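Numbering (my numbering), first residue to last: 517 to 603.
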């Protein structure tokens with residue numbers, strides 16, 4: 517059985533990576549799972565990881581908060597951050 521996952525390119529949707537890791541966790545898996553993510557600093561991969569973290573943060577906030585917040589959409593934040601990154 518496999519016990520490691522190597523993510524060579526981050527995906528815009530963090531749930532895609534989560535699903536890949538979860539596929540290694542299966543019935544009968546007894547070994548620890550190792551996840552290796554390859555991300556080059558100051559690259560588009562680095563920016564994609566930032567977007568992933570921001571999306572996960574927004575999901576957590578929306579699930580834990582009962583009141584509606586006047587937050588920017590993921591798309592707005594993503595474009596602002598991308599423009600910052602490209603400058």
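Note that beta-carbon positions come from the ideal geometry of N, C-alpha and C, so glycine has one too. Because the structure is a prediction, the values reported are computed rather than measured.
With respect to the beta strand (DSSP E) encompassing residue i, which residues constitute its N-terminal and C-terminal limits?
| i | result |
| --- | --- |
| residue 552 | 550-553 |
| residue 523 | 520-523 |
Mind checking which residues open and close the alpha helix (DSSP H) that includes residue i?
| i | result |
| --- | --- |
| residue 556 | Neither: residue 556 is in no alpha helix (DSSP H) and is coded neither H nor E. |
| residue 532 | 530-540 |
Whole angstroms are fine: how far does the CA of residue j sit from the CA of residue i?
| i | j | result |
| --- | --- | --- |
| residue 571 | residue 530 | 8 Å |
| residue 536 | residue 549 | 12 Å |
| residue 560 | residue 534 | 20 Å |
| residue 519 | residue 544 | 12 Å |
Are the beta-carbon atoms belonging to residue i and residue j less than 9 Å from one another?
| i | j | result |
| --- | --- | --- |
| residue 521 | residue 556 | no |
| residue 554 | residue 601 | no |
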